Amino acid sequence: RAVAGGRGRGGRSVDCDAGPQRGAASRPCVVAVCAVGPVGLAPFTTVGPWVGACALGVDLVSTFFAGWNGDEPPGGDGDPDEYTGWACWSGTSFAAPVVVGALAREMARGFSAEDAVTRLIDNPALLRIPGLGTVINVL
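Using this note's numbering, the first residue of the sequence shown is number 72, and each one after it goes up by one.
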C-alpha cells in the first residue's frame, strides 16, 4: 500500500463488510483517508474500520488561480468569492495529500513505499482512533 485515497463526503459511518466499497480507497493497495478538523472529525467525512489514516482536511490554505471572481456580490468584508492566488479548502481530497506528503517524505529518506506505510500508518505505537485510523500530523 503506497497510495492514499480520500474516502468520504458522506458524513457517516459505513460498514464496508456489508456491501461493496466504492472508489479508489477500497483497493487493497490504497490507504483510505478521512478528514479531521481543529475540533475533531470533519462533518463531511466517512468513517469505518477500513479507514487507514486521518489527517487535517478542514480549512487548508492552498494556491488557486488568480483572477477568479464568482457570482457572490461584494459585502462589507469584501468580495467573498474573489480569489487572488490563495483559497481555503476542505475535504477528504485535501486530507489525502497530507498523508501522501508524509509517505513521500519517508520515501525520500530511502524507505520503500511499503516500509513508509508500515512506519507511518501500520505502526501499533502510533495514535490510532477507531474508525479514523492512524493520526497523521505533519506539523
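Just so it is clear, CB atoms sit at the ideal spot from N, CA and C, and this is done for glycine as well.
If you're wondering where the values come from, they're calculated on a predicted model, not measured in any experiment.
Contact between the region 170 to 180 and the region 129 to 144 is absent: fewer than three C-beta pairs spanning the two stretches fall below 8 angstroms. The shortest CA-to-CA distance from residue 165 to any of 186, 127 and 154 is the one to 127. As the crow flies, the alpha-carbon of residue 189 is around 14 angstroms from that of residue 171. Residues of the same chain with a CB within less than 7 angstroms of the CB of residue 132, apart from the 5 flanking positions on each side, are 157 and 159 in chain order.
In the assembly as shown, residue 174 is a buried residue. Its beta-carbon has 16 or more other beta-carbons within 10 Å.
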